[in-house]
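What follows is a short report on a single structure.
In the numbering used here, the protein residues as written are 4 to 362.
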């Protein structure tokens with residue numbers, strides 16, 4: 004019996020995906036990061052340092068990662084006030100967040116990001132496209148927090164860092180100001196801000212300009228959920244706690260677990276510097292779970308504070324696994340409970356947002 008023919012469209016789609024430069028970039032970045040990170044490191048030394056790490060301190064990292072998922076869900080609840088007549092159930096928001104972070108850990112190119120609005124829409128019947136708008140705003144807020152934190156770290160520690168690092172403080176300051184100014188302008192006068200932005204972007208190709216305007220439109224949809232001072236202040240507070248305490252905590256505990264002794268000021272700076280380096284390294288779409296880029300970021304960040312390469316790579320390995328394993332397990336439980344399939348997570352259908360105005 005002859006086998007069924009393979010549809011041409013399927014073969015063509017696979018061929019186009021293989022020829023897509025973004026696919027090769029997503030594969031090339033983590034491979035290059037792994038090769039560079041390990042090229043002058045003795046793996047036996049790395050294994051020894053991992054074995055010497057304090058296991059109880061390593062285990063203490065896990066609650067902070069769970070708390071991070073919960074805080075993101077709580078913050079999302081305030082961002083999503085406009086999606087339903089009543090505040091969305093925190094349980095559904097947490098489940099969607101956990102599922103998405105698990106999917107990012109096992110799928111390439113950050114494809115799992117779309118699992119958040121997909122599962123939320125399935126469990127609460129809100130618009131998936133509208134929920135996506137709140138997440139675009141969330142990403143803008145997170146980017147602002149990372150840029151602000153990075154700029155402060157660079158300014159405080161500029162003298163002890165190489166010139167190429169300290170010179171980045173100005174760039175971080177610019178990256179911090181631009182999204183803040185844009186969000187404020189959109190809140191004050193959305194229509195006029197969009198018109199001015201569209202005019203300023205006319206120097207770009209039409210396709211690029213359309214992508215930027217689509218992104219800003221999603222931010223506007225997300226901004227509609229920030230009703231009044233109370234919601235805005237809660238989002239700001241949760242963002243400060245998330246990026247100022249919860250997310251840096253595992254990096255600080257990692258320093259203690261490996262017995263990396265630094266003066267208090269240096270210890271704090273090393274913690275936040277590593278957090279910033281990792282946040283920037285994992286921002287770009289790459290291999291599943293940030294393997295390679297996470298370790299590269301830890302090595303480069305700790306190298307600024309005189310930490311040996313083998314210790315830094317061991318540190319990155321342990322801190323990464325202390326995040327990857329529990330987050331993946333929690334998300335897997337949610338996936339099993341919700342009946343989510345891998346194919347659905349790779350290409351979720353969000354549906355269309357409503358056509359009503361943002362405000």
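Ideal Cβ positions, reconstructed from N, Cα and C, are used throughout, including at glycine.
When the Cα atoms are used, residue 236 and residue 184 turn out to be separated by approximately 17 Å. In this structure, DSSP gives residue 344 a state outside helix and strand, which the three-state scheme calls coil. Taking C-beta atoms as the reference points, residue 103 and residue 118 count as a pair closer than 7 Å. Residue 226 and residue 67 have their C-alpha atoms spaced approximately 28 Å apart. The straight-line gap separating the alpha-carbon atoms of residue 244 and residue 53 is approximately 30 Å. About 6 Å separates the beta carbons of residue 316 and residue 302, which is inside the 8 Å limit, making them a contact pair. Remark: C-beta atoms of residue 123 and residue 134 approach each other more closely than 7 Å. Non-local C-beta neighbours of residue 61 in its own chain, meaning closer than 7 Å and more than five positions away in sequence, comprise 260, 321 and 325, ordered along the chain. For residue 155, the enclosing alpha helix (DSSP H) has its first and last residue at 131 to 159. No residue range can be given for residue 205, since it is assigned to no alpha helix (DSSP H) and is classified by DSSP as neither H nor E.
With respect to the C-alpha of residue 73, the residue from 334, 342 and 339 having the closest C-alpha is 334. Counting only runs of 4+ residues, the alpha helix (DSSP H) found wholly inside the stretch 231 to 281 occupies 231 to 244 and 252 to 260, in chain order. Take residue 305, set aside five residues on each side of it, and the residues of its chain with a beta-carbon closer than 7 Å to its own are 273, 277, 315 and 318, in chain order. The continuous stretches of alpha helix (DSSP H) do not include residue 293, and DSSP gives it neither H nor E. Here residue 308 carries a coil assignment [DSSP, helix/strand/coil]. Cβ-Cβ distances below 7 Å link residue 310 to 263 in the same chain, with the five nearest sequence neighbours on each side left out; the list follows chain order. Annotation for residue 48: the continuous alpha helix (DSSP H) segment containing it runs 46 to 55.
Sequence-distant Cβ neighbours of residue 190 in its own chain, meaning closer than 7 Å and more than five residues away, are 226. Inclusion of residue 115 and residue 250 in the CB contact set at 7 Å is not warranted, their separation being larger than that value. Under the 10 Å beta carbon count, residue 98 is surrounded by 16 or more other beta carbons and is classified as buried. Residue 80 is positioned such that its CB atom lies no closer than 7 Å to that of residue 100.
Counted as a single uninterrupted DSSP element, the alpha helix (DSSP H) harbouring residue 118 occupies residues 118 to 127.
If you draw a 10 Å sphere on the C-beta of residue 59, you find fewer than 16 other C-beta atoms in it, and that means exposed. Within a 10 Å sphere around the beta-carbon of residue 128 sit fewer than 16 other beta-carbons, which makes this residue exposed. The criterion of a C-beta distance shorter than 7 Å is satisfied by residue 300 and residue 281. Counting the other Cβ atoms within 10 Å of the Cβ of residue 94 gives fewer than 16, which makes it exposed.
About 5 Å separates the Cβ atoms of residue 331 and residue 105, confirming a contact at the 8 Å cut-off. Taking each of 141, 199 and 271 in turn and checking the Cα distance to residue 155, the smallest one comes out for 271.
Only residues of its own chain outside the window of five on either side were considered, and among them 289, 290, 294, 295 and 296 have a CB closer than 7 Å to the CB of residue 33, listed in chain order.
Only residues of its own chain outside the window of five on either side were considered, and among them 102 and 105 have a CB closer than 7 Å to the CB of residue 338, listed in chain order.
Contact annotation, residue 313 with residue 44: C-beta distance approximately 5 Å; criterion of less than 8 Å satisfied. Distance from the CA of residue 198 to the CA of residue 136, rounded to the nearest whole angstrom, comes to 19 Å.
Put simply, of 203, 46, 344 and 239 the residue whose alpha carbon is nearest the alpha carbon of residue 78 is 239. For residue 91, the secondary structure class from DSSP, reduced to helix, strand or coil, is coil.
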